[in-house]
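Participant: Residues 11 to 86 in the numbering used here are what the sequence shown lists, from first letter to last. Structure provided below as structure tokens; questions to follow.
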Amino acid sequence: MVEKLITPSPNVVDLARYRGRAEDCRAPALSPRVCRHCGAALSEGEREEECSGAFAVDVADQRLRWQAAQILRSLS
């Protein structure tokens, strides 16, 4: 009697391995929109410009730019 070897063709997909690999590659869940000024979650229709913390950041930003200008002046 002759023993027949069964070899998979290159077109056969190992379904269990495919499913296992597909589960590992799932995209992460979308993160909620967050205000860059205060870190609060933004609801539908809300904008970052309406945040009360936006003004404090603008003052801090101006102070930081002034300090950077002073440093650059001292270098030259």
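Ideal Cβ placement from N, Cα and C applies to all residues, glycine included.
#1: Look up ALA50 in the DSSP assignment and give the residues it is bridged to.
#2: Strictly by DSSP, which residues pair up with VAL44?
#3: Rounded to a whole number of angstroms, what is the C-alpha to C-alpha distance between PRO42 and ALA26?
Facilitator: Walking through what the data contain:
#1: Answer by DSSP bridge pairing: none, since ALA50 is not bridged.
#2: In DSSP, VAL44 forms a bridge with ALA51.
#3: Counting only the Cα atoms, ALA26 lies some 34 Å from PRO42.
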